[in-house]
Amino acid sequence: MTEVLPGVHLIRLPLTGSPLKAINGYLLKADEGWVLVDCGWDLPDVLEALTAQVGDLGVQLGDIRTLVITHYHTDHYGLAGRLVELSRARMLMHRLDWLFIKTELADFGAAMDRLDAWLRENGAPSELLSDEQRRSVDMFSRFTVRAPDEELEDGHRIGVGRGEFRVVWTPGHTGGHICLYDPQRRVFLSGDHVLDPISPNVSLNRENLGNPLGDYLESLRKVGRLGADLVLPAHGEPFRGLSRRVDELLAHHDEREQEVLEALAHGPRNGHQVAAVLPWTRRRTPLGALALSQQRMALTETLAHLEELRSRGLARRERRDGVHCYERVGQPTETDA
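Using my numbering, the letters of the sequence shown map in sequence onto residues 911 to 1247.
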(Lines of atoms letter the chains of each structure in order from A and count residues from 1; the text may use other names and numbers.)
(Lines give C-alpha, C1' and ligand atoms only; values in the text may rest on other atoms or scores of the structure.)
Protein backbone atom coordinates (compact mmCIF):
# COMPACT_ATOMS: atom_id res chain seq x y z
CA MET A 1 0.00 0.00 0.00
CA THR A 2 1.23 3.50 -0.89
CA GLU A 3 0.01 6.92 0.24
CA VAL A 4 0.15 8.79 -3.05
CA LEU A 5 -1.33 11.96 -1.55
CA PRO A 6 -2.46 12.94 1.94
CA GLY A 7 -5.61 10.88 2.52
CA VAL A 8 -5.28 8.95 -0.78
CA HIS A 9 -3.87 5.42 -0.54
CA LEU A 10 -3.15 3.03 -3.44
CA ILE A 11 -4.03 -0.59 -2.66
CA ARG A 12 -2.77 -3.34 -4.97
CA LEU A 13 -5.20 -6.23 -5.33
CA PRO A 14 -4.00 -9.43 -7.05
CA LEU A 15 -5.35 -10.63 -10.39
CA THR A 16 -3.99 -14.15 -10.20
CA GLY A 17 -3.60 -15.65 -13.67
CA SER A 18 -4.08 -12.34 -15.50
CA PRO A 19 -1.30 -10.70 -17.54
CA LEU A 20 -2.23 -7.47 -15.72
CA LYS A 21 -1.20 -9.09 -12.41
CA ALA A 22 -3.00 -6.55 -10.19
CA ILE A 23 -5.64 -3.86 -10.03
CA ASN A 24 -5.16 -0.62 -8.15
CA GLY A 25 -7.88 0.23 -5.65
CA TYR A 26 -7.83 3.67 -4.03
CA LEU A 27 -8.79 4.29 -0.41
CA LEU A 28 -9.83 7.91 0.23
CA LYS A 29 -10.21 9.45 3.70
CA ALA A 30 -13.63 11.02 4.16
CA ASP A 31 -15.12 13.01 7.04
CA GLU A 32 -16.67 9.83 8.39
CA GLY A 33 -14.98 6.60 7.41
CA TRP A 34 -13.40 5.87 4.05
CA VAL A 35 -14.26 5.72 0.34
CA LEU A 36 -12.91 2.79 -1.71
CA VAL A 37 -12.65 3.09 -5.50
CA ASP A 38 -12.78 -0.38 -7.16
CA CYS A 39 -12.37 -3.65 -5.32
CA GLY A 40 -11.02 -6.48 -7.52
CA TRP A 41 -12.75 -9.73 -8.32
CA ASP A 42 -14.35 -12.14 -5.87
CA LEU A 43 -11.54 -14.53 -4.94
CA PRO A 44 -10.18 -15.23 -1.44
CA ASP A 45 -6.71 -13.77 -2.15
CA VAL A 46 -8.27 -10.43 -3.14
CA LEU A 47 -10.31 -10.12 0.06
CA GLU A 48 -7.25 -11.18 2.08
CA ALA A 49 -5.06 -8.54 0.38
CA LEU A 50 -7.66 -5.82 0.84
CA THR A 51 -8.21 -6.65 4.51
CA ALA A 52 -4.47 -6.73 5.21
CA GLN A 53 -3.66 -3.47 3.44
CA VAL A 54 -6.44 -1.41 4.96
CA GLY A 55 -5.52 -2.98 8.28
CA ASP A 56 -2.03 -1.48 7.95
CA LEU A 57 -3.77 1.90 8.29
CA GLY A 58 -5.70 0.77 11.32
CA VAL A 59 -8.82 0.57 9.14
CA GLN A 60 -11.37 -2.24 9.25
CA LEU A 61 -13.66 -3.20 6.39
CA GLY A 62 -16.56 -1.75 8.38
CA ASP A 63 -14.90 1.66 8.19
CA ILE A 64 -15.41 1.70 4.41
CA ARG A 65 -18.65 3.65 4.07
CA THR A 66 -18.72 4.16 0.29
CA LEU A 67 -17.66 1.87 -2.55
CA VAL A 68 -17.31 3.53 -5.98
CA ILE A 69 -17.12 1.25 -9.03
CA THR A 70 -15.50 2.81 -12.11
CA HIS A 71 -17.05 0.19 -14.41
CA TYR A 72 -18.67 -3.22 -14.39
CA HIS A 73 -15.72 -5.42 -15.45
CA THR A 74 -15.08 -8.29 -13.07
CA ASP A 75 -11.70 -7.06 -11.84
CA HIS A 76 -13.33 -3.80 -10.70
CA TYR A 77 -16.82 -4.90 -9.61
CA GLY A 78 -16.45 -8.61 -8.77
CA LEU A 79 -15.91 -8.34 -5.00
CA ALA A 80 -18.53 -5.62 -4.56
CA GLY A 81 -21.37 -7.88 -3.44
CA ARG A 82 -19.31 -9.64 -0.78
CA LEU A 83 -17.64 -6.40 0.35
CA VAL A 84 -20.95 -4.60 0.80
CA GLU A 85 -22.19 -7.47 2.97
CA LEU A 86 -19.06 -7.32 5.12
CA SER A 87 -18.73 -3.55 5.39
CA ARG A 88 -22.30 -2.25 4.94
CA ALA A 89 -20.85 0.28 2.50
CA ARG A 90 -23.06 2.09 0.00
CA MET A 91 -22.13 1.10 -3.55
CA LEU A 92 -22.14 3.65 -6.38
CA MET A 93 -21.75 3.05 -10.12
CA HIS A 94 -22.90 4.72 -13.32
CA ARG A 95 -26.46 4.17 -14.42
CA LEU A 96 -25.50 2.75 -17.84
CA ASP A 97 -23.17 0.10 -16.46
CA TRP A 98 -25.83 -1.06 -14.01
CA LEU A 99 -28.29 -1.19 -16.91
CA PHE A 100 -25.84 -3.37 -18.85
CA ILE A 101 -25.35 -5.72 -15.90
CA LYS A 102 -29.05 -6.30 -15.29
CA THR A 103 -29.97 -6.63 -18.98
CA GLU A 104 -26.90 -8.40 -20.42
CA LEU A 105 -25.16 -10.26 -17.59
CA ALA A 106 -27.89 -11.32 -15.18
CA ASP A 107 -28.74 -14.36 -17.37
CA PHE A 108 -25.41 -16.12 -17.95
CA GLY A 109 -26.68 -18.60 -20.54
CA ALA A 110 -28.34 -15.93 -22.68
CA ALA A 111 -25.25 -13.70 -22.43
CA MET A 112 -23.04 -16.54 -23.63
CA ASP A 113 -25.35 -17.27 -26.56
CA ARG A 114 -25.26 -13.62 -27.66
CA LEU A 115 -21.48 -13.41 -27.38
CA ASP A 116 -20.98 -16.70 -29.24
CA ALA A 117 -23.27 -15.57 -32.06
CA TRP A 118 -21.52 -12.20 -32.34
CA LEU A 119 -18.04 -13.69 -32.55
CA ARG A 120 -19.20 -16.30 -35.06
CA GLU A 121 -20.81 -13.62 -37.23
CA ASN A 122 -17.47 -11.83 -37.38
CA GLY A 123 -15.42 -14.79 -38.54
CA ALA A 124 -14.09 -16.18 -35.24
CA PRO A 125 -12.70 -19.73 -35.64
CA SER A 126 -14.07 -22.59 -33.56
CA GLU A 127 -11.05 -22.79 -31.23
CA LEU A 128 -11.47 -19.13 -30.27
CA LEU A 129 -15.17 -19.68 -29.56
CA SER A 130 -14.43 -22.66 -27.32
CA ASP A 131 -11.77 -20.75 -25.39
CA GLU A 132 -14.09 -17.77 -24.94
CA GLN A 133 -16.79 -19.99 -23.44
CA ARG A 134 -14.25 -21.39 -20.94
CA ARG A 135 -12.96 -17.90 -20.09
CA SER A 136 -16.46 -16.50 -19.65
CA VAL A 137 -17.48 -19.30 -17.28
CA ASP A 138 -14.39 -18.51 -15.21
CA MET A 139 -15.07 -14.76 -15.18
CA PHE A 140 -18.74 -15.16 -14.30
CA SER A 141 -17.72 -17.18 -11.25
CA ARG A 142 -15.80 -14.17 -9.90
CA PHE A 143 -18.71 -11.85 -9.23
CA THR A 144 -22.31 -11.82 -8.07
CA VAL A 145 -24.83 -9.32 -9.39
CA ARG A 146 -25.35 -6.59 -6.81
CA ALA A 147 -27.46 -3.50 -7.44
CA PRO A 148 -25.88 -0.13 -6.64
CA ASP A 149 -27.35 1.92 -3.83
CA GLU A 150 -26.97 4.98 -6.04
CA GLU A 151 -26.66 5.32 -9.81
CA LEU A 152 -24.15 7.97 -10.79
CA GLU A 153 -24.27 10.53 -13.57
CA ASP A 154 -21.71 12.90 -15.03
CA GLY A 155 -20.91 15.71 -12.59
CA HIS A 156 -21.92 13.89 -9.40
CA ARG A 157 -19.75 15.01 -6.46
CA ILE A 158 -18.24 12.71 -3.82
CA GLY A 159 -16.96 14.39 -0.68
CA VAL A 160 -13.60 13.32 0.73
CA GLY A 161 -12.49 15.26 3.81
CA ARG A 162 -12.19 18.94 2.99
CA GLY A 163 -12.29 18.31 -0.75
CA GLU A 164 -14.34 16.41 -3.27
CA PHE A 165 -14.01 14.31 -6.39
CA ARG A 166 -16.21 15.01 -9.37
CA VAL A 167 -17.58 12.10 -11.45
CA VAL A 168 -16.51 12.35 -15.08
CA TRP A 169 -18.48 10.07 -17.40
CA THR A 170 -16.06 8.53 -19.91
CA PRO A 171 -17.83 5.95 -22.11
CA GLY A 172 -15.78 3.74 -24.38
CA HIS A 173 -14.10 0.99 -22.35
CA THR A 174 -17.66 0.37 -21.10
CA GLY A 175 -20.78 2.40 -21.71
CA GLY A 176 -20.90 3.62 -18.12
CA HIS A 177 -17.22 3.98 -17.32
CA ILE A 178 -16.45 6.84 -14.92
CA CYS A 179 -13.34 8.64 -13.71
CA LEU A 180 -12.98 10.84 -10.64
CA TYR A 181 -11.40 14.31 -10.74
CA ASP A 182 -10.26 16.57 -7.91
CA PRO A 183 -9.83 19.99 -9.58
CA GLN A 184 -8.33 21.56 -6.47
CA ARG A 185 -5.39 19.14 -6.40
CA ARG A 186 -5.53 18.35 -10.14
CA VAL A 187 -5.74 14.63 -9.38
CA PHE A 188 -7.46 12.25 -11.78
CA LEU A 189 -8.51 8.67 -10.90
CA SER A 190 -8.65 7.26 -14.40
CA GLY A 191 -9.96 3.70 -13.96
CA ASP A 192 -9.26 1.91 -17.24
CA HIS A 193 -9.88 5.02 -19.35
CA VAL A 194 -6.29 6.31 -19.42
CA LEU A 195 -3.43 3.88 -18.78
CA ASP A 196 0.32 4.19 -19.31
CA PRO A 197 2.18 2.60 -21.06
CA ILE A 198 -0.54 0.22 -22.29
CA SER A 199 -3.52 1.27 -24.38
CA PRO A 200 -6.92 0.54 -22.78
CA ASN A 201 -9.02 -2.12 -24.46
CA VAL A 202 -11.95 -0.67 -26.39
CA SER A 203 -14.02 -3.47 -27.87
CA LEU A 204 -17.23 -4.12 -29.72
CA ASN A 205 -18.18 -7.44 -28.14
CA ARG A 206 -21.95 -7.39 -28.49
CA GLU A 207 -24.40 -6.55 -31.26
CA ASN A 208 -26.09 -3.15 -31.06
CA LEU A 209 -23.53 -1.48 -28.77
CA GLY A 210 -23.16 1.48 -31.09
CA ASN A 211 -19.72 2.97 -31.63
CA PRO A 212 -17.63 2.42 -28.48
CA LEU A 213 -14.37 3.61 -30.07
CA GLY A 214 -15.99 6.85 -31.21
CA ASP A 215 -17.28 7.33 -27.65
CA TYR A 216 -13.84 6.57 -26.25
CA LEU A 217 -12.02 9.05 -28.48
CA GLU A 218 -14.49 11.79 -27.60
CA SER A 219 -14.11 10.93 -23.89
CA LEU A 220 -10.32 11.16 -24.25
CA ARG A 221 -10.60 14.66 -25.69
CA LYS A 222 -12.98 15.57 -22.87
CA VAL A 223 -10.58 14.57 -20.08
CA GLY A 224 -7.61 16.03 -21.93
CA ARG A 225 -9.18 19.46 -21.44
CA LEU A 226 -9.45 19.10 -17.65
CA GLY A 227 -5.94 20.26 -16.84
CA ALA A 228 -5.25 17.36 -14.46
CA ASP A 229 -1.66 16.56 -13.55
CA LEU A 230 -1.37 13.45 -11.37
CA VAL A 231 -3.12 10.39 -12.86
CA LEU A 232 -4.02 7.43 -10.64
CA PRO A 233 -4.85 4.54 -13.01
CA ALA A 234 -6.46 1.18 -12.25
CA HIS A 235 -3.45 -0.70 -13.66
CA GLY A 236 0.22 0.21 -13.62
CA GLU A 237 1.90 3.05 -11.79
CA PRO A 238 0.62 6.57 -11.09
CA PHE A 239 2.02 9.10 -13.56
CA ARG A 240 1.95 12.80 -14.32
CA GLY A 241 0.70 14.57 -17.42
CA LEU A 242 -2.87 13.60 -18.34
CA SER A 243 -2.98 15.74 -21.50
CA ARG A 244 0.37 14.30 -22.66
CA ARG A 245 -0.93 10.73 -22.32
CA VAL A 246 -4.23 11.62 -23.98
CA ASP A 247 -2.34 12.97 -27.00
CA GLU A 248 -0.31 9.74 -27.18
CA LEU A 249 -3.44 7.58 -27.08
CA LEU A 250 -5.16 9.67 -29.76
CA ALA A 251 -2.07 9.36 -31.96
CA HIS A 252 -2.04 5.59 -31.37
CA HIS A 253 -5.62 5.26 -32.55
CA ASP A 254 -4.95 7.45 -35.59
CA GLU A 255 -2.11 5.10 -36.54
CA ARG A 256 -4.30 2.08 -35.92
CA GLU A 257 -7.02 3.53 -38.13
CA GLN A 258 -4.60 3.79 -41.02
CA GLU A 259 -3.54 0.16 -40.53
CA VAL A 260 -7.17 -0.99 -40.60
CA LEU A 261 -7.85 1.05 -43.75
CA GLU A 262 -4.79 -0.50 -45.37
CA ALA A 263 -6.11 -3.96 -44.49
CA LEU A 264 -9.37 -3.11 -46.26
CA ALA A 265 -7.52 -1.88 -49.36
CA HIS A 266 -7.13 -5.52 -50.40
CA GLY A 267 -10.87 -6.08 -50.73
CA PRO A 268 -13.76 -7.06 -48.43
CA ARG A 269 -12.78 -8.84 -45.21
CA ASN A 270 -14.54 -9.99 -42.09
CA GLY A 271 -13.41 -8.78 -38.68
CA HIS A 272 -11.22 -11.79 -37.95
CA GLN A 273 -9.51 -11.53 -41.33
CA VAL A 274 -8.70 -7.87 -40.66
CA ALA A 275 -7.38 -8.66 -37.18
CA ALA A 276 -5.20 -11.41 -38.65
CA VAL A 277 -3.19 -8.98 -40.80
CA LEU A 278 -2.68 -6.36 -38.08
CA PRO A 279 0.27 -6.32 -35.64
CA TRP A 280 -0.59 -6.62 -31.94
CA THR A 281 0.92 -5.47 -28.64
CA ARG A 282 3.84 -3.08 -28.38
CA ARG A 283 6.02 -5.86 -29.80
CA ARG A 284 3.96 -5.91 -33.05
CA THR A 285 3.10 -9.59 -32.56
CA PRO A 286 1.08 -11.49 -35.22
CA LEU A 287 -2.44 -12.47 -34.19
CA GLY A 288 -1.74 -16.21 -34.35
CA ALA A 289 1.13 -15.90 -31.86
CA LEU A 290 -1.16 -14.47 -29.16
CA ALA A 291 -2.96 -16.52 -26.53
CA LEU A 292 -6.54 -17.31 -27.53
CA SER A 293 -7.95 -14.91 -24.93
CA GLN A 294 -5.81 -12.12 -26.41
CA GLN A 295 -6.93 -13.10 -29.90
CA ARG A 296 -10.54 -12.60 -28.84
CA MET A 297 -9.72 -9.13 -27.49
CA ALA A 298 -7.84 -8.35 -30.71
CA LEU A 299 -10.89 -9.32 -32.76
CA THR A 300 -13.31 -7.20 -30.74
CA GLU A 301 -10.89 -4.24 -30.78
CA THR A 302 -10.70 -4.58 -34.56
CA LEU A 303 -14.49 -4.56 -34.75
CA ALA A 304 -14.55 -1.34 -32.72
CA HIS A 305 -12.21 0.27 -35.26
CA LEU A 306 -14.24 -1.02 -38.19
CA GLU A 307 -17.47 0.36 -36.75
CA GLU A 308 -15.81 3.71 -36.04
CA LEU A 309 -14.77 3.86 -39.71
CA ARG A 310 -18.29 2.86 -40.76
CA SER A 311 -19.80 5.62 -38.61
CA ARG A 312 -17.77 8.16 -40.59
CA GLY A 313 -18.59 6.70 -43.99
CA LEU A 314 -15.07 5.33 -44.56
CA ALA A 315 -16.18 1.68 -44.56
CA ARG A 316 -19.36 -0.23 -45.25
CA ARG A 317 -20.60 -3.54 -43.93
CA GLU A 318 -22.71 -6.25 -45.51
CA ARG A 319 -23.61 -9.79 -44.53
CA ARG A 320 -22.21 -12.57 -46.70
CA ASP A 321 -23.00 -16.21 -45.96
CA GLY A 322 -23.91 -15.33 -42.38
CA VAL A 323 -20.72 -13.33 -41.71
CA HIS A 324 -20.28 -9.54 -41.55
CA CYS A 325 -17.81 -8.28 -44.15
CA TYR A 326 -16.32 -4.77 -44.28
CA GLU A 327 -15.19 -2.89 -47.36
CA ARG A 328 -13.34 0.39 -47.71
CA VAL A 329 -15.29 3.34 -49.10
CA GLY A 330 -13.98 6.35 -50.98
CA GLN A 331 -10.83 4.90 -52.54
CA PRO A 332 -10.36 2.09 -55.07
CA THR A 333 -9.17 -1.23 -53.67
CA GLU A 334 -6.54 -3.42 -55.28
CA THR A 335 -9.32 -5.63 -56.64
CA ASP A 336 -10.70 -2.62 -58.54
CA ALA A 337 -7.40 -1.93 -60.32
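Each residue gets a CB set at the ideal place from its N, CA and C atoms; glycine is no exception.
CA-CA distance, residue i and residue j?
i	j	result
ARG1226	LEU1009	30 Å
TYR1236	VAL969	54 Å
LEU1038	SER1046	12 Å
VAL1233	HIS1087	30 Å
LEU920	LEU946	10 Å
THR1080	LEU1152	14 Å
TYR987	MET1207	20 Å
So, residue i versus residue j, is the Cβ gap smaller than 8 Å?
i	j	result
LEU1114	THR1210	yes
ASP973	TRP944	yes
VAL1156	GLY1124	no
ASP952	THR1054	yes
GLU942	HIS1004	no
PRO1122	ALA1214	yes
GLY1085	ASP1017	no
ALA999	THR976	yes
CYS1089	GLY1073	no
LEU914	PRO1148	The question names Leu, yet the displayed sequence has Val at residue 914. Yes.
LEU938	VAL1104	no
ARG1052	MET1001	no
VAL994	ILE1068	no
GLY917	GLY935	no
Which same chain residues, not among the five before or five after residue i, have their C-beta less than 6 Å away from its C-beta?
i	result
ALA1173	VAL1184 and VAL1187
Excluding sequence positions up to five away, which residues of its chain have a Cβ less than 8 Å from the Cβ of residue i?
i	result
SER1221	ASN1121 and GLY1124
ASP1026	LEU1039, GLU1042 and GLN1043
LEU1127	GLY1082, LEU1160, HIS1163 and GLU1218
ARG992	ASP952, LEU957 and THR1054
Looking only at its chain, what residues have a beta carbon closer than 7 Å to the beta carbon of residue i, apart from the 5 residues adjacent to it on each side?
i	result
ALA1247	Note that ALA1247 has pLDDT 42, beneath the 50 cutoff, so the model's placement of it is unreliable and the number below is only indicative. Nothing meets the Cβ criterion.
ARG1030	LEU1039
MET1022	GLN1043 and SER1046
ALA1034	HIS1182 and LEU1209
Given 8 Å, three or more beta-carbon pairs between the region 1088-1098 and the region 1137-1154: With a cut-off of 8 Å on Cβ pairs, the region 1088-1098 is in contact with the region 1137-1154, counting three or more such pairs.
Ordered list of beta strand (DSSP E) runs contained in the region 1114-1190, each at least 3 residues: Taking only runs of at least 3 residues, the beta strand (DSSP E) segments lying wholly in the region 1114-1190 are 1140-1143.
Within the region 944-1007, ranges of the beta strand (DSSP E) (whole runs, at least 3 residues): Contiguous beta strand (DSSP E) elements confined to the region 944-1007 occur at 944-947, 974-978 and 1000-1004, taking only those with 3 or more residues.
Every unbroken beta strand (DSSP E) inside the region 1030-1056 [3 residues or more]: none
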